[in-house]
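Asker: Supplied in structure tokens, the structure appears directly below.
In the UniProt record's numbering, the protein residues as written are 1 to 166.
Written as structure tokens, this is what we have:
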């Protein structure tokens, strides 16, 4: 028994089973040869596309991670430098405080830290002392002059007594 499909095939057959073009089903050769992808192939292509996207994202994240590490290293170096500057500034401040205390103490000792009233009082006291020494000097000078006069008179008297007795 011959089926109708077989019969159609037999009629279309040319040169040992090579079919000629059919006018009823006029598809182009490209359409006829086009392979319809299977569900597995579609899933595989989707997976590969998604995998490529994720790899690209991963590369971006890795690059960002590297940049963040570099930024972190730079921040650490800057923080270290700032700590050194801070420590140096604190040492200099301590040194300045010590120098200030020494200067303040020496000013007190030498009297440079006195107020104008204190200076006026000290000047008055020194003037009074100077006046006292001036008076003593004048008294001593007057006594000296009196002693010299007395000596001179006694020498005169002595000479006169020698002349009279001699």
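Think of the CB as a built atom: it goes at the ideal place given N, C-alpha and C, for glycine as much as any other residue.
Please read these numbers as outputs of a predicted model, since none were measured by experiment.
Leaving out the 5 sequence neighbours to the left and right, which residues in its chain are closer than 8 Å to residue 114 when beta-carbon positions are compared?
Answerer: Setting aside the 5 residues that flank it on each side, residue 114 is surrounded in the same chain by 122, each with a C-beta closer than 8 Å to its C-beta; the list follows chain order.
Asker: For residue 116, which residues from the same chain have a beta carbon less than 7 Å from its beta carbon, with the 5 sequence-adjacent residues on both sides left out?
Answerer: Around residue 116: no qualifying Cβ.
Asker: Would you give the residue range spanned by the alpha helix (DSSP H) that residue 154 belongs to?
Answerer: 116 to 165
Asker: By the DSSP assignment, the alpha helix (DSSP H) with residue 3 in it spans what residues?
Answerer: Residue 3 -> no alpha helix (DSSP H), and no H or E assigned at all.
Asker: Using DSSP with H/G/I as helix, E/B as strand and the rest coil, what is residue 38?
Answerer: Assignment of residue 38 by DSSP, reduced to helix, strand and coil, places it in the coil class.
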